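Asks: Before anything else, here's the structure in question.
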Amino acid sequence: MIKSHSNISGEIRFDWRKEEISEILNMPLIDLMWESQVIHRKFNTYRVQLASLYSVKTGGCQEDCSYCSQSIYSASQIKSHPEFEVKEVLERAQIAKKEGAERFCMGWAWREIRDGKSFNSMLEMVKGVRDLGMEACVTAGMLTEEQASRLAKAGLTAYNHNLDTSPEYYENIITTRTYQDRLDTIKRVRNAGINVCCGGIIGLGETKGDRASLLEVLSNMNPHPESVPINSLVAIEGTGLEDNQEIDSIEMIRMIATARILMPKSKIRLSAGREKLSKEAQILCFQCGANSIFYGDELLTTSNPSFQSDRKLLKDVGVSFNKDFETCEKTLSSL
């Protein structure tokens, strides 16, 4: 008997097999939602972390990711522009905090971090965000052990480095960086004592088996990633995947629910593509275990629901979020 169906206890495991995961992923949806909800209630509360994402350095990337408008081969490639300075980024972080975000994520369109002025500025940004009382997250490609150590000393909360897809399908999406490169980066982040933010994208043309394989890699990391972003492809004109069809919302619900069962304590984040989900689909994702969202009008290269609409949705369904912000809002509304 496959062990997954007896996992209603939410046993923390790091030895999930692809066959088990496939069976969970393809369970009758009602059963899958029920099991994921039970596990979610055991290990978490219905509280959603609000994370704001800001692009510090946009365009000019040397990678060939077929889904990205910053890709070196994208016909719609975003032109590189000067990086934002420390002061500008921290001003944006302050705005994000006032709007209710608890985590401020900063992105650089780099293949890898290079030492020098830009990296020193990154360290100052991390320190500044932490001084604001927010969690700080960075996504900037590959990095060395020494760079990871310096980021840890600066107070970095988490480093994002997604696997994107399964090891088997990966070469169909990216050729400028290997799957092992990504795993090595994650290992350096973990060894430096920084939390890992690592997930993937569905809708790239992968099979359900590929999705199970991606989840196998993530769920066999010990410890599990503290944050697991689940993205759905936003097909951008000019990219290699511009003709891909939007995924059905049920597929996203299945991924969220399965990720919750496999990684009971991780924050499962609804990420890119959430704007395409109906309110009802988002609510089902919260019910199945999603407890983090990117919050704000835009992500690195795609749009996102407004923070006003997100706050209304979370309040309407009774999902709590930033307590400090909720208290501030109540005080202001009573004046």
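Residue numbers for the sequence shown follow numbering that gives the first Met the number 0, beginning at 0 and rising by one.
Ideal placement from N, C-alpha and C gives every residue a C-beta, glycine not left out.
It should be emphasised that the depicted structure is a prediction, and the values quoted were computed from it without experimental measurement.
1. Within 10 Å of its beta-carbon, does Ile29 have 16 or more other beta-carbons around it, so buried, or fewer, so exposed?
2. Should Glu279 go down as buried or exposed, given a rule of 16 or more other Cβ atoms within 10 Å for buried?
3. Return helix, strand or coil for Cys287, following the three-state DSSP convention.
4. Would you mind stating whether Arg129 and Gly154 have Cβ atoms separated by less than 8 Å?
5. Smallest Cα separation from Ile38: which of Tyr168, Lys207, Ile255 and Gly317?
6. Looking at the unbroken alpha helix (DSSP H) that takes in Gln48, where does it start and where does it end?
7. Are the segment 37-56 and the segment 98-115 in contact at 8 Å, needing three or more beta carbon pairs?
8. Answer yes or no: do Ile246 and Gly202 have a C-beta to C-beta separation smaller than 8 Å?
9. Across the segment 114-133 and the segment 86-95, are there enough close Cβ pairs to call them in contact, namely three or more that are closer than 8 Å?
10. Relative to the C-alpha of Thr238, which candidate in Ile172, Ile282, Thr257 and Ile252 has its C-alpha closest?
11. Hey, out of Tyr294, Arg310 and Asp315, whose CA is closest to Arg102's CA?
12. In whole angstroms, what separates the C-alpha of Asn230 from that of Ser270?
13. Taking DSSP as the reference, what is the three-state secondary structure of Thr184?
14. Please determine whether the Cβ atom of Cys104 lies at a distance below 7 Å from any heavy atom of the ligand ZN.
15. To the nearest angstrom, report how far apart Glu205 and Leu213 are at their CA atoms.
16. Just to confirm, are Val47 and Phe285 a CB contact at a threshold of 8 Å?
17. Which residues in the same chain have their Cβ closer than 6 Å to the Cβ of Cys60, if we skip the five residues on either side of it in sequence?
Replies: In brief:
1. Residue 29 sits at position 30 when you count from the first residue of the sequence shown. Counting Cβ neighbours within 10 Å, Ile29 comes out exposed, since fewer than 16 surround it.
2. Here the question's residue 279 lines up with position 280 in the sequence shown. When all chains shown are included, Glu279 counts as exposed.
3. If you number the sequence shown from 1, residue 287 lands on position 288. Correct three-state label for Cys287: helix.
4. In the sequence shown, counting from the first residue as 1, residue 129 sits at position 130. In the sequence shown, counting from the first residue as 1, residue 154 sits at position 155. Yes, the pair counts as a contact, with Cβ atoms nearer than the cut-off.
5. Working through the sequence shown from its first residue, we reach residue 38 at position 39. That would be Ile255, whose Cα lies nearest to the Cα of Ile38.
6. The residue labelled residue 48 in the question sits at position 49 within the sequence shown. Segment Gln48 to Lys56 is the beta strand (DSSP E) holding Gln48; no alpha helix (DSSP H) there.
7. yes
8. Taking the first residue of the sequence shown as position 1, residue 246 is located at position 247. Taking the first residue of the sequence shown as position 1, residue 202 is located at position 203. Yes, Cβ-Cβ distance for Ile246 and Gly202 is below 8 Å.
9. yes
10. Counted from its first residue, the sequence shown places residue 238 at position 239. Here the closest residue by C-alpha is Ile172.
11. For the purposes of this step, residue 102 is taken as the residue at position 103 of the sequence shown. When only C-alpha atoms are compared, the closest one is Tyr294.
12. Taking the sequence shown and counting its residues from 1, one reaches residue 230 at position 231. Taking the sequence shown and counting its residues from 1, one reaches residue 270 at position 271. For Asn230 and Ser270, the distance between alpha carbons rounds to 5 Å.
13. As a position in the sequence shown, residue 184 is number 185, starting the count at 1. The answer is helix: DSSP assigns Thr184 an H, G or I state.
14. Summarising the ligand content, the structure contains no ligands, and the ligand ZN is consequently not present.
15. To locate residue 205, count along the sequence shown from 1; it is residue 206. To locate residue 213, count along the sequence shown from 1; it is residue 214. Each residue's Cα considered, the two are about 10 Å apart.
16. Residue 47 sits at position 48 when you count from the first residue of the sequence shown. Residue 285 sits at position 286 when you count from the first residue of the sequence shown. A contact, by the Cβ cut-off of 8 Å.
17. Position 61 of the sequence shown, counted from the first residue, corresponds to residue 60. The answer, listed in chain order, is Gln69 and Ala108.
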